[in-house]
Each structure stands twice: as C-alpha cells, then as structure tokens.
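*Asks:* Note that our numbering has the sequence shown beginning at 3, numbered continuously upward. Sharing a structure, written as structure tokens. Questions coming.
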Amino acid sequence: MIVGVPTETADGEKRVALTPPVAEDLVEDGHEVCVASGAGEGATYADADYEAVGCEVLDDREAVFERAEVLFQVRGLGATDTGTDPYREGQAVVGLLGPYEVAEDTLDDLADRGVSAFSLELMPRISRAQSMDALSSQASLGGYQATLMAAEELPKMFPMEMTAAGTIQPAEVFVIGAGVAGLKAIATAERLGASTKGHDVRLEVKREVESLGADFVELELPTEESGDEEGYAVEMGEEFYAEQRRQMERVVPESDVLITTAAIPGRPAPEIVTTEMIEDMDPGSVVVDLAAETGGNCEPTEAGETVEVDGVRVHGPTDLPSRVSHTASQQYANNCKHFLDNLLDEEGDLDFDFEDEIIDSTLLVHDGTVRNPHLDDGGEDEGEESEDGAEEAAADESDADDAAADGGGDSADGDGGDGDGD
Numbered sequence: 003m004i005v006g007v008p009t010e011t012a013d014g015e016k017r018v019a020l021t022p023p024v025a026e027d028l029v030e031d032g033h034e035v036c037v038a039s040g041a042g043e044g045a046t047y048a049d050a051d052y053e054a055v056g057c058e059v060l061d062d063r064e065a066v067f068e069r070a071e072v073l074f075q076v077r078g079l080g081a082t083d084t085g086t087d088p089y090r091e092g093q094a095v096v097g098l099l100g101p102y103e104v105a106e107d108t109l110d111d112l113a114d115r116g117v118s119a120f121s122l123e124l125m126p127r128i129s130r131a132q133s134m135d136a137l138s139s140q141a142s143l144g145g146y147q148a149t150l151m152a153a154e155e156l157p158k159m160f161p162m163e164m165t166a167a168g169t170i171q172p173a174e175v176f177v178i179g180a181g182v183a184g185l186k187a188i189a190t191a192e193r194l195g196a197s198t199k200g201h202d203v204r205l206e207v208k209r210e211v212e213s214l215g216a217d218f219v220e221l222e223l224p225t226e227e228s229g230d231e232e233g234y235a236v237e238m239g240e241e242f243y244a245e246q247r248r249q250m251e252r253v254v255p256e257s258d259v260l261i262t263t264a265a266i267p268g269r270p271a272p273e274i275v276t277t278e279m280i281e282d283m284d285p286g287s288v289v290v291d292l293a294a295e296t297g298g299n300c301e302p303t304e305a306g307e308t309v310e311v312d313g314v315r316v317h318g319p320t321d322l323p324s325r326v327s328h329t330a331s332q333q334y335a336n337n338c339k340h341f342l343d344n345l346l347d348e349e350g351d352l353d354f355d356f357e358d359e360i361i362d363s364t365l366l367v368h369d370g371t372v373r374n375p376h377l378d379d380g381g382e383d384e385g386e387e388s389e390d391g392a393e394e395a396a397a398d399e400s401d402a403d404d405a406a407a408d409g410g411g412d413s414a415d416g417d418g419g420d421g422d423g424d
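Shown next as structure tokens:
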C-alpha cells in the first residue's frame with residue numbers, strides 16, 4: 003500500500019498527518035510512504051527526518067496525489083476553504099474532512115471520481131475506536147492550551163501562596179463542559195494551583211470532575227434526558243438554555259477565568275454565557291471560548307478574534323491544537339495509522355467492510371455513492387453535543403473515567419492521550 007502525505011493548505015495549519023516515527027512503522031509493515039516536501043516543517047519535522055526512516059520526499063505536492071493509494075490529511079474538504087484536492091479514482095482519503103460543512107456538489111464530484119473519503123470526525127464512540135479518535139486526541143490539547151492561554155494573560159497568579167508579604171489567593175477558574183477538552187482544562191488548571199470549578203448538563207460526570215480535584219457546579223435543571231445511551235450530551239431546547247443562562251448569572255461573575263467547550267456538530271454552538279455575565283466579571287478576567295468556530299458559547303465571541311468587554315478579554319481561538327503542532331501531529335499520526343490498520347485485510351488490501359461500525363460510520367463517499375452517515379433518515383443532522391476544539395464538548399463516560407484515572411483529563415485514545423483534543 004502506498005500512503006501519501008501532502009502539505010496542509012488550511013490557513014495557519016501547522017500539523018502534519020504523519021510523523022517520521024509513525025511513518026517508520028508503516029514502512030516496517032511493508033507500506034511505501036511518500037511525503038510532500040515541507041509537509042512536516044510546521045510540526046518541526048524536516049524532509050531529512052522522513053527520508054531517514056525510508057519515506058520518499060516529493061518536491062511536487064500534486065505528485066503525492068498521483069502516487070498514493072491512501073492519503074492522510076489533517077484538514078480537507080469541508081474543513082478547509084482552499085478547494086478540493088486532486089484526488090483520483092480508487093483513492094482513499096483519511097482525515098478531518100468537515101462532514102457538516104462539505105458541500106453536496108463536492109461530495110458528488112468525489113463520487114464521480116471514484117474516491118473513498120473517511121471523515122474522522124464521525125468516529126463512533128466505542129472502545130475499539132479509541133485509538134483512532136482524532137477528535138478526542140486533538141480536543142484534549144485544545145483544553146490544555148486554553149488553560150495556558152488564560153494563565154498567561156490573567157494578571158493574577160493561578161496558585162495560592164503563603165508569603166511574608168501576605169497570602170496570595172488562588173485564581174478562580176470555571177470550566178463549562180466536562181468532556182475531553184473540559185476535563186483537560188480542569189486538570190491543567192488544578193495542576194497550576196487554581197481554585198477550579200466545572201459544570202456539565204450531564205450529572206453523571208460529576209465524579210470525574212471531582213476526581214480531578216475540582217468542584218462540580220450543579221444547577222437546578224431538568225437533566226434526565228441530557229445524555230444519550232453513548233454518553234453524549236444532546237441538544238436541549240431553548241427553554242432549557244434560557245434557564246441555564248439565568249442560573250449561570252451567579253457563577254460566571256465570580257470567576258477570574260471562564261473556559262467554555264460546548265459545541266453541536268453541524269449546528270451553531272449553544273449560547274450559554276451572555277454579555278451581561280461577562281460585564282459582571284472583574285476587569286482583567288479572561289474568557290476562552292473553545293466553541294468559537296461554530297458561533298461560540300459566549301454572546302460576544304468572535305471566531306479567531308479577541309474582543310474586550312468592560313475590561314474582560316474574550317478569546318475565540320480556532321487553532322489551539324495547531325499551536326502545539328509537534329505533539330498534536332504525534333497523536334494524530336497514531337490515530338491515522340490505527341485507522342489504516344483497521345481498514346486493511348490480512349493481505350494488506352483495502353477492505354470496505356460495512357459490518358464494521360468504524361468503517362460504516364466514517365465513510366462519506368464510496369464506489370460512486372454519497373453515503374452521508376452523519377445524517378439521519380430524515381436528512382437532518384443528529385444534534386449530539388460534542389467537543390471539537392477545532393473540536394469536542396461531550397466525551398463518553400469511558401473517556402472521562404480514563405481521564406480521571408490518570409489525573410490529567412487525557413483522552414483514551416490508545417496512545418496515552420496526553421498529546422490530544424474539539
């Protein structure tokens with residue numbers, strides 16, 4: 003099998019879909035690997051690093067598409083606005099493909115070309131898929147980076163200290179959403195010594211939050227149907243969110259740092275925090291909204307921008323995993339390799355086994371057909387709430403258990419999860 007890795011074209015993307023150590027594993031497994039020149043530079047991997055482990059480095063990016071049978075990409079199709087790459091007939095594409103944003107005519111075009119496209123955002127939440135769960139691996143990094151961003155900008159120290167000059171009170175950090183990114187943010191804040199609180203509409207994650215050393219903020223809300231059988235938080239009605247906002251008015255203003263992580267695939271993120279709440283925070287406070295890319299959980303959030311509201315800086319980052327591109331690439335490359343291992347049969351050929359939930363759930367286009375597995379029978383998006391940092395706000399309970407067990411909010415992605423995410 004020839005595996006190809008082109009350079010990424012999305013603006014500001016520094017990650018690479020395959021790192022030299024993982025490429026070496028593929029070569030040892032009998033695969034050929036071709037990499038576009040410069041593909042790994044943003045993640046501190048030089049062309050020579052790939053050549054040293056047996057990869058072929060190609061000067062022409064399009065030559066990778068001409069050669070490869072399987073392509074690994076970080077962002078493609080609906081996850082980037084740079085146009086459709088020159089995929090060819092019989093080629094399989096594996097990556098974060100923006101299934102909720104990709105245009106129907108683009109999918110039709112891929113079907114006409116005979117391309118098979120796997121979107122890792124649609125990975126089912128089952129134990130066997132944890133090592134392939136790119137959303138979780140990247141969302142964990144998003145939560146980590148969000149906390150570091152807030153700590154660097156807040157004009158206060160995070161930890162409490164007893165000094166000869168007096169006692170330094172700890173910073174008050176409040177994290178909304180206790181999925182992969184939220185748990186990582188909570189764990190990081192705790193490690194830095196902050197007084198940390200967490201909230202989630204799913205009361206079953208209370209013990210995960212508390213096991214990390216944080217307090218769980220429990221609101222008086224009807225949460226019986228807030229999660230599905232897989233542990234995902236589901237979209238609630240506007241009446242629910244209105245009451246949630248009303249009760250948040252007593253918690254948000256007490257916080258020095260607010261980190262929000264709730265996003266709904268294919269739909270605008272729920273607005274949980276109003277401008278008035280942020281205005282009631284102390285000047286110098288910091289807000290980091292991880293749902294900025296889909297509208298944000300905070301009313302004043304602007305994607306990719308920082309706005310100031312009465313002395314409070316509201317950040318809407320959309321590239322947090324890419325800011326730790328080396329670690330993010332390590333984790334993502336492992337996700338891709340595990341996915342490829344599952345996709346191949348014993349002879350090393352592509353095996354599109356639709357009895358396999360992983361393959362069936364992630365395959366957008368195959369054999370001239372647009373499948374759209376992320377749409378229900380009525381053609382509407384399934385409104386499951388998740389963390390996507392880009393990317394995820396509701397991890398299942400098994401991920402949360404693993405995160406709590408290692409004390410770090412890491413995702414259970416089969417590779418340690420400490421270099422994740424949404």
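Cβ coordinates follow ideal geometry from the N, Cα and C atoms, glycine included.
Where in the stretch 34–87 do unbroken runs of the beta strand (DSSP E), each at least 3 residues long, occur, reported from the N-terminal end onward?
*Replies:* Complete beta strand (DSSP E) runs here, min 3: 34–38, 58–60, 72–77.
*Asks:* In whole angstroms, what is the alpha-carbon distance linking V95 and V72?
*Replies:* Taking the first residue of the sequence shown as position 1, residue 95 is located at position 93. Taking the first residue of the sequence shown as position 1, residue 72 is located at position 70. Spanning the two alpha carbons is a distance of roughly 6 Å.
*Asks:* With a 10 Å radius around its C-beta and 16 neighbouring C-beta atoms as the bar for buried, classify A335 as buried or exposed.
*Replies:* Working through the sequence shown from its first residue, we reach residue 335 at position 333. Under this definition A335 is a buried residue.
*Asks:* Out of M162, L20, A113, which one is the CA nearest neighbour of R373?
*Replies:* The residue given as residue 373 occupies position 371 in the sequence shown. Nearest option by C-alpha distance: A113.
*Asks:* Taking the beta carbon of P267 as the centre, do at least 16 other beta carbons fall within 10 Å, making it buried, or is it exposed?
*Replies:* Position 265 of the sequence shown holds residue 267. Answer is buried; the Cβ neighbour count reaches 16.
*Asks:* List in chain order: all unbroken alpha helix (DSSP H) runs of 4+ residues lying wholly within the stretch 304–344.
*Replies:* Whole alpha helix (DSSP H) segments, 4+ residues: 322–325.
*Asks:* Buried or exposed: M164, going by 16 or more other Cβ atoms within 10 Å of its Cβ?
*Replies:* Sequence index remark: in the sequence shown, residue 164 carries index 162 (1-based). It is exposed - the Cβ of M164 has fewer than 16 other Cβ atoms within 10 Å.
*Asks:* Per DSSP, what kind of secondary structure is S121 in: helix, strand or coil?
*Replies:* As a position in the sequence shown, residue 121 is number 119, starting the count at 1. In the structure shown, S121 sits in a strand (DSSP, three-state: E or B).
*Asks:* Touch check for the stretch 98–110 and the stretch 73–85: three-plus C-beta pairs under 8 Å?
*Replies:* Yes, since at least three Cβ pairs between the stretch 98–110 and the stretch 73–85 fall closer than 8 Å, the two stretches touch.
*Asks:* Roughly how many whole angstroms lie between the Cα atoms of A180 and R209?
*Replies:* In the sequence shown, the residue the question calls residue 180 occupies position 178. In the sequence shown, the residue the question calls residue 209 occupies position 207. If I take the Cα positions, the gap works out to 11 Å.
*Asks:* Mapping DSSP to helix, strand and coil, what is G14?
*Replies:* Counting from one through the sequence shown, the residue named residue 14 turns up at place 12. G14 falls in the coil class under three-state DSSP.
*Asks:* Tell me which residues share the same chain as I261 and place their Cβ nearer than 6 Å to its Cβ, disregarding the 5 neighbours each side in the sequence.
*Replies:* In the sequence shown, residue 261 corresponds to position 259, counting from 1. Excluding residues within five positions, the ones whose Cβ falls inside 6 Å are A148, V177, A187, V290.
*Asks:* Of all the options G350, P255, E349, F341, which has the alpha carbon lying nearest to the alpha carbon of E123?
*Replies:* For the purposes of this step, residue 123 is taken as the residue at position 121 of the sequence shown. If we check each option's Cα against that of E123, F341 comes out closest.
*Asks:* Report the start-end ranges of each beta strand (DSSP E) in the stretch 152–185 that is 3 residues or longer and not cut off at the edges.
*Replies:* Counting only runs of 3 or more, we get 163–165, 168–170, 174–178.
*Asks:* Go through its chain and collect everything with a Cβ distance to T308's Cβ below 8 Å, but skip five positions before and after it.
*Replies:* Position 306 of the sequence shown holds residue 308. So the list reads R315, V316, H317, G318, once near-sequence residues are dropped.
*Asks:* Along the chain, where does the alpha helix (DSSP H) containing L28 start, and where does it finish?
*Replies:* Here residue 28 is taken as the residue at index 26 of the sequence shown, counted from 1. 22–30 is the span of the alpha helix (DSSP H), which, as asked, contains L28.
*Asks:* Using the DSSP secondary-structure output, state which residues sit across from L194 in a beta bridge.
*Replies:* Translated into the one-based positions of the sequence shown, residue 194 becomes position 192. Beta-bridge pairing links L194 to no other residue.
*Asks:* Would you kindly work out how many angstroms separate the C-alpha atoms of R325 and C300, rounded to a whole number?
*Replies:* Working through the sequence shown from its first residue, we reach residue 325 at position 323. Working through the sequence shown from its first residue, we reach residue 300 at position 298. C-alpha separation (whole angstroms): 22 Å.
*Asks:* So, helix, strand or coil for A105, using DSSP?
*Replies:* Locating residue 105 in the sequence shown gives position 103, where the first residue counts as 1. Note: A105 maps to coil in three-state DSSP.
*Asks:* Using DSSP with H/G/I as helix, E/B as strand and the rest coil, what is A187?
*Replies:* On the sequence shown, position 185 is the one that residue 187 refers to. Helix, per DSSP.
*Asks:* Which stretch, first to last residue, makes up the alpha helix (DSSP H) that contains D353?
*Replies:* Position 351 of the sequence shown, counted from the first residue, corresponds to residue 353. No alpha helix (DSSP H) holds D353; DSSP gives it neither H nor E.
*Asks:* Based on the DSSP output, what are the partners of T371 in its beta bridges?
*Replies:* Along the sequence shown, read from residue 1 onward, the residue named residue 371 stands at position 369. DSSP, once it has assigned bridges, lists H368 as partnering T371.
*Asks:* Have a look at R63, V66, V37, E222 and flag the residue whose alpha-carbon is nearest the alpha-carbon of V55.
*Replies:* Position 53 of the sequence shown, counted from the start, is the residue given in the question as residue 55. When each option's Cα is compared against that of V55, the closest is V37.
*Asks:* Short of 6 Å in beta carbon distance, which residues of its chain neighbour H376, apart from the five on each side in sequence? Order them along the chain.
*Replies:* Along the sequence shown, read from residue 1 onward, the residue named residue 376 stands at position 374. The answer, listed in chain order, is P101, L124.
*Asks:* Between the alpha carbons of G370 and I360, how many angstroms are there, rounded?
*Replies:* On the sequence shown, position 368 is the one that residue 370 refers to. On the sequence shown, position 358 is the one that residue 360 refers to. Rounded to the nearest angstrom, the two C-alpha atoms are 20 Å apart.
*Asks:* Name the DSSP bridge partner or partners of T262?
*Replies:* Along the sequence shown, one-based indexing puts residue 262 at 260. I178, D291, per the DSSP bridge assignment.
*Asks:* Between A216 and T190, which are expected to be in contact by the criterion C-beta below 8 Å, what is the C-beta distance as a whole number of angstroms?
*Replies:* In the sequence shown, counting from the first residue as 1, residue 216 sits at position 214. In the sequence shown, counting from the first residue as 1, residue 190 sits at position 188. The pair is not a contact, with the Cβ atoms about 11 Å apart (cut-off 8 Å).
*Asks:* With burial defined as no fewer than 16 other Cβ atoms inside 10 Å of the residue's Cβ, what is the status of E295: buried or exposed?
*Replies:* Position 293 of the sequence shown, counting from 1, holds the residue named residue 295. Looking at its Cβ environment, which holds 16 or more other Cβ atoms inside 10 Å, E295 is buried.
*Asks:* Under DSSP, the beta strand (DSSP E) around A94 begins and ends at which residues?
*Replies:* Your numbering for residue 94 matches position 92 in the sequence shown. First-last of the beta strand (DSSP E) with A94: 94–98.
*Asks:* Can the beta-carbon of G1 be found closer than 8 Å to that of G184?
*Replies:* Since the displayed the chain opens at 3 and closes at 424, residue 1 lies outside it and no answer follows.
*Asks:* Per DSSP, what kind of secondary structure is I128 in: helix, strand or coil?
*Replies:* Reading the sequence shown from its first residue, position 126 is the one you call residue 128. Three-state result, I128: coil.
*Asks:* Are S138 and V182 close, meaning C-beta to C-beta below 8 Å?
*Replies:* As a working note, residue 138 is residue 136 in the sequence shown. As a working note, residue 182 is residue 180 in the sequence shown. Yes, they are a contact pair.
*Asks:* Specify whether the stretch 350–365 and the stretch 151–158 touch according to this definition: at least 3 beta carbon pairs, one from each stretch, less than 8 Å apart.
*Replies:* These segments do not touch.
*Asks:* On the CB-based measure, 16 or more other CB atoms within 10 Å of its CB, does E382 come out buried or exposed?
*Replies:* Mapped onto the sequence shown, residue 382 falls at position 380. Since pLDDT at E382 reaches only 46, below the 50 mark, its modelled position is unreliable, and no value is offered.
*Asks:* Would you mind giving the Cβ-Cβ distance between C293 and R17, rounded to the nearest angstrom? I have them listed as a contact below 8 Å.
*Replies:* Within the sequence shown, residue 293 is the residue found at index 291, counting from 1. Within the sequence shown, residue 17 is the residue found at index 15, counting from 1. Residue 293 is actually Ala in this sequence, not Cys. Incorrect: roughly 20 Å between the Cβ atoms, too far for contact.
*Asks:* If you draw a straight line from the C-alpha of E273 to the C-alpha of D321, how long is it?
*Replies:* Reading the sequence shown from its first residue, position 271 is the one you call residue 273. Reading the sequence shown from its first residue, position 319 is the one you call residue 321. E273 and D321: Cα-Cα distance of roughly 21 Å.
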